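Student:
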Amino acid sequence: GAGVSQSPSNKVTEKGKDVELRCDPISGHTALYWYRQSLGQGLEFLIYFQGNSAPDKSGLPSDRFSAERTGGSVSTLTIQRTQQEDSAVYLCASSFEGHTGELFFGEGSRLTVL
Amino acid sequence: AQSVSQHNHHVILSEAASLELGCNYSYGGTVNLFWYVQYPGQHLQLLLKYFSGDPLVKGIKGFEAEFIKSKFSFNLRKPSVQWSDTAEYFCAVKGAGGNNRLAFGKGNQVVVIP
């Protein structure tokens with residue numbers, strides 16, 4: 001498709017389980033971001049990939065969170081041993097030019113941890 | 115790293131009223147500035163952006179924003195709102211150049227009453 005694609009759109013899991021969230025950016029976009037959106041908290045930056053540079057992981061809230069981007073395209077955000085406070089909408093965005101370009105957002109993956 | 119402050123997180127106003135949303139940022143260098151909007155049930159999309167030149171920027175749907183460098187501000191305005199402007203509005207800042215990431219404010223929830 002033409003836009004940023006995220007899957008699953010909704011995920012309900014039990015506390016302690018691992019989850020994987022997938023992002024397929026717009027073809028040719030060199031920059032990819034993961035954000036977390038919680039009610040009243042705005043968009044919390046998680047991780048930023050730009051081309052072949054080392055990712056900026058400074059926003060990951062704990063070592064239970066990790067992300068990778070394979071072949072400069074698809075990215076997977078993994079949350080291990082999920083906790084209730086991980087419940088949020090996880091947003092992926094991509095950009096053609098990492099340092100000036102407009103971000104194009106996906107629909108998000110809503111994670112609910114019971 | 116840059117940070118963004120948005121005030122008046124919840125705004126309720128009537129149609130035809132004027133809207134102004136404040137955005138202040140902290141960053142020592144040249145910045146790129148953005149306003150994103152999220153309509154109910156939709157993904158985030160760009161409303162307008164400032165990179166350089168005329169500090170008064172016009173965006174979609176009659177919105178405009180003014181960059182005041184001395185005040186580190188990028189306030190969003192619309193002279194006369196419509197019911198369809200009901201949405202959440204996010205200000206975002208990126209340090210120009212390099213691998214600087216995009217930082218978002220906590221957002222303004224705007225409700226326009228018909």
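Residue numbers (this note's numbering), protein chains in the order written: chain A, 1 to 114; chain B, 115 to 228.
For glycine and all other residues, C-beta sits at the position ideal for the given N, C-alpha and C.
These figures come from a predicted structure and were not determined experimentally.
1) Determine contact between the segment 133 to 150 of chain B and the segment 190 to 204 of chain B, defined as no fewer than three beta-carbon pairs at a distance below 8 Å.
2) Nearest to aspartate 24(A) by CA position, among Gln6(A), Leu114(A), Thr78(A) and Leu77(A), is which residue?
3) Can you grab the Cα-Cα spacing for the pair valine 226(B) / valine 195(B), in whole Å?
4) For chain B, find out if any of its Cβ atoms is closer than 8 Å to the Cβ of glutamine 83(A); answer yes or no.
5) Please report the straight-line C-alpha distance between isoleucine 182(B) and valine 171(B), rounded to a whole angstrom.
6) For isoleucine 174(B), count neighbouring Cβ atoms within 10 angstroms of its own Cβ and tell me buried if that reaches 16, exposed if not.
7) Which same chain residues, not among the five before or five after glutamate 202(B), have their C-beta less than 8 Å away from its C-beta?
8) Lysine 77(A) bridges to which residues according to DSSP?
9) Residues of the segment 13 to 26 of chain A in Cβ contact with chain B at a cutoff of 7 Å, in chain order, please.
10) Which value, in whole angstroms, describes the spacing of the CA atoms of threonine 112(A) and glutamate 85(A)?
11) So for glutamine 84(A), helix, strand or coil by DSSP?
12) DSSP three-state call for isoleucine 227(B): helix, strand or coil?
13) Does the beta carbon of arginine 215(B) come closer than 8 Å to any beta carbon on chain A?
14) For glutamate 14(A), which residues from the same chain have a beta carbon less than 6 Å from its beta carbon, with the 5 sequence-adjacent residues on both sides left out?
15) Is DSSP giving serine 117(B) helix, strand or coil here?
Tutor: According to the data block:
1) With three or more CB-CB distances shorter than 8 Å, the segment 133 to 150 of chain B counts as touching the segment 190 to 204 of chain B.
2) Translated into the one-based positions of the first sequence, residue 24(A) becomes position 24. Checking every option, the nearest Cα to that of aspartate 24(A) belongs to Gln6(A).
3) In the second sequence, counting from the first residue as 1, residue 226(B) sits at position 112. In the second sequence, counting from the first residue as 1, residue 195(B) sits at position 81. One C-alpha to the other measures close to 7 Å.
4) As a working mapping, residue 83(A) is identified with position 83 in the first sequence. For glutamine 83(A), no Cβ of chain B is located within less than 8 Å of the residue's own Cβ.
5) Position 68 of the second sequence, counted from the start, is the residue given in the question as residue 182(B). Position 57 of the second sequence, counted from the start, is the residue given in the question as residue 171(B). Between the C-alpha atoms of isoleucine 182(B) and valine 171(B) there is a straight-line separation of about 11 Å.
6) Here residue 174(B) refers to the residue found at position 60 of the second sequence. Isoleucine 174(B) counts as exposed, since fewer than 16 other C-beta atoms from the protein chains shown sit within 10 angstroms of its C-beta.
7) Residue 202(B) sits at position 88 when you count from the first residue of the second sequence. Here glutamate 202(B) has Val151, Gln152, Gly221, Asn222, Gln223 and Val224 as same chain residues with Cβ atoms under 8 Å from its own Cβ, once five neighbours each way along the sequence are excluded.
8) Reading the first sequence from its first residue, position 77 is the one you call residue 77(A). Note that residue 77(A) is leucine in the sequence shown, not lysine. DSSP, once it has assigned bridges, lists Leu21(A) and Ala67(A) as partnering leucine 77(A).
9) Only those residues of the segment 13 to 26 of chain A whose C-beta falls short of 7 Å from the nearest C-beta of chain B would be listed, and there are none.
10) Residue mapping note: residue 112(A) aligns to position 112 of the first sequence, counting from 1. Residue mapping note: residue 85(A) aligns to position 85 of the first sequence, counting from 1. So the two alpha carbons sit approximately 9 Å from each other.
11) As a working note, residue 84(A) is residue 84 in the first sequence. In the structure shown, glutamine 84(A) falls within a helical segment according to DSSP collapsed to helix, strand and coil.
12) Along the second sequence, one-based indexing puts residue 227(B) at 113. In this structure, isoleucine 227(B) counts as strand in the three-state DSSP scheme.
13) Within the second sequence, numbered from 1, the residue matching residue 215(B) stands at position 101. By this cut-off, arginine 215(B) is an interface position.
14) Here residue 14(A) refers to the residue found at position 14 when the first sequence is read from its first residue. Scanning its chain for C-beta atoms nearer than 6 Å, with the 5 sequence neighbours on each side dropped, one finds around glutamate 14(A) the residues Leu114, in chain order.
15) Working through the second sequence from its first residue, we reach residue 117(B) at position 3. Looking at serine 117(B) - three-state DSSP - the assignment turns out to be strand.
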